[in-house]
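Novice: Below is a structure I'd like to ask you about.
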Ligand SMILES: Cc1ncc(COP(=O)(O)O)c(C=O)c1O
């Protein structure tokens, strides 16, 4: 039984649906790509906004301390990390904050470390801000677990390396970095004066027994943490996130760049939605995690009898499908998913060279939609024609 009802988004401007023709050359694909959920945003958020709209003026408003406090309490409860109000500031988007932080903590042509595969804007923000990419390959160990390698990383960096972009938990490979891994990485960066920009937008979407560790808990003086309710509560359309910088020194540097882009304090309806989600969204969130975990396991059960390799992610609602055993090159693989399976997934190659042979499937949908999608895939693998 589905905990969450199917919601038809096809008549909205949802990117996932509207861009199908452009990306896949057809509308006839089930869209399982961009990382938002086909699950309704929590009722408490929608109600709070409706209530606010009873007041007839929607002007400039500041983000209240009470909204920040709601996020602070959420993090204390769910991540054992107690943030101070003054560490936090508003940002319209995590990606915008990445760009801002790159400019704040490095100069033109300095080097920025990015792990491959990773969320594509990590690469583009480095390039577009005229910095040099240092691409560190994440390798799978003998158990198939993706890991970074600090010895190898040491051979890739120079005195021009100023920033490391960390995705924690990691999109697309679904890793929750362990305390040991994170501590070693933090120490390594500290020794070299490299600032860690830690994108933790997926930090709430973690499956037991894994536990997310806030990077700033390990190394507060050297970390910029990017947080937000966008993924957790399916609120990407609210354009609201926060930047957490415990160090006064780093905060001052970041503030210079923040002023340059003049993104201000954001929109009142976003502030309202943000606070309602963190204050009242807990019950909804627990149901969500149970549902996503079930979906992740269902993929495992369904694909285990196919050549596609998949391991339940430790976090995120993104399944990283290893399709290399199908013996197709990346062009053939994309074509197979669109033309044969009629599924719109994110091609692995868009996450970097190491994504070759992989596809990323967004499983934040109802159980019924997921079952349909996997049936399409199984049918295509068996050579059945789908209409
Ligand atoms: C790791 C990661 N960071 C950032 C974002 C986007 O965040 P925002 O919409 O706040 O820029 C995404 C969206 O998929 C993501 O996966």
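In the working numbering, the protein residues as written are 250 to 636. Heads up, the beta-carbon is just placed ideally off N, CA and C, and yes, glycines get one too.
Would the beta-carbon of residue 455 fall within 8 angstroms of that of residue 473?
Specialist: no
Novice: Less than 8 angstroms between C-beta atoms, sequence neighbours within five positions excluded: which residues of the same chain meet that for residue 361?
Specialist: 351, 355, 375, 380, 381, 382, 383, 410, 411, 412, 413, 414
Novice: Indicate whether residue 251 and residue 617 have their beta-carbon atoms separated by less than 8 angstroms.
Specialist: yes
Novice: Sort out for me which residues DSSP pairs residue 568 with in a bridge.
Specialist: Residue pairing for residue 568: DSSP places it in a beta bridge opposite 610.
Novice: What whole-angstrom Cβ distance do residue 449 and residue 476 have, given they're in contact under 8 angstroms?
Specialist: 6 angstroms
Novice: Compute the Euclidean distance between the alpha carbons of residue 533 and residue 401, then round it to the nearest angstrom.
Specialist: Spanning the alpha carbons of residue 533 and residue 401 requires a straight line of approximately 43 angstroms.
Novice: Nearest to residue 548 by alpha carbon, out of 612, 419, 377?
Specialist: 612
Novice: Give the list of continuous alpha helix (DSSP H) stretches no shorter than 4 residues that lie fully inside the stretch 333-370.
Specialist: 343-354
Novice: What residues are listed by DSSP as bridge partners for residue 395?
Specialist: 389
Novice: Got a sec, what are the start and stop residues for the alpha helix (DSSP H) residue 521 sits in?
Specialist: 517-529
Novice: With DSSP as the reference, label residue 212 as helix, strand or coil.
Specialist: Nothing can be reported for residue 212, as the shown portion of the chain is limited to 250 through 636.
Novice: So, for residue 460: in the same chain, excluding its five sequence neighbours on each side, which residues have a beta-carbon less than 8 angstroms away from its beta-carbon?
Specialist: 425
Novice: Mind reading off the beta-carbon distance from residue 517 to residue 307? Whole number of angstroms is fine, and I expect it under 8 angstroms.
Specialist: 6 angstroms
Novice: Check whether the Cβ atoms of residue 651 and residue 563 sit closer than 8 angstroms, and answer yes or no.
Specialist: Because the chain here runs from 250 to 636, residue 651 falls outside it and cannot be looked at.
Novice: I'd like the list of long-range same chain contacts for residue 439, defined as Cβ closer than 7 angstroms, with 5 residues on each side in sequence excluded.
Specialist: 468, 471
Novice: State yes or no: is the C-beta of residue 420 nearer than 7 angstroms to some heavy atom of ligand 1?
Specialist: Yes.
Novice: Counting only the same chain and skipping the five closest in sequence on each side, list residues whose C-beta sits under 6 angstroms from that of residue 648.
Specialist: Nothing can be reported for residue 648: it is not among the residues displayed for the chain, which extend from 250 to 636.
Novice: Report yes if the CB atom of residue 289 is closer than 8 angstroms to the CB atom of residue 267, and no otherwise.
Specialist: Cβ distance not < 8 angstroms, so residue 289 and residue 267 don't count as in contact.
Novice: Between residue 368 and ligand 1, is the CB less than 7 angstroms from at least one heavy atom?
Specialist: yes
Novice: Go to residue 201, then tell me how far its beta strand (DSSP E) extends in each direction, as first and last residue.
Specialist: Not covered by the structure: residue 201. The range shown for the chain is 250 to 636.
Novice: Out of 595, 580, 589, 545, which one is the CA nearest neighbour of residue 619?
Specialist: 545
Novice: Helix or strand or just coil, what does DSSP make of residue 452?
Specialist: coil
Novice: Quick check on the burial criterion: 16 or more other C-beta atoms within 10 angstroms. Buried or exposed for residue 393?
Specialist: exposed
Novice: Assuming residue 630 is part of the alpha helix (DSSP H), what are its boundary residues?
Specialist: In the DSSP annotation of this structure, the continuous segment of the alpha helix (DSSP H) that includes residue 630 starts and ends at 616-630.
Novice: Relative to ligand 1, is the shortest distance from any of its heavy atoms to the C-beta of residue 349 smaller than 7 angstroms?
Specialist: no
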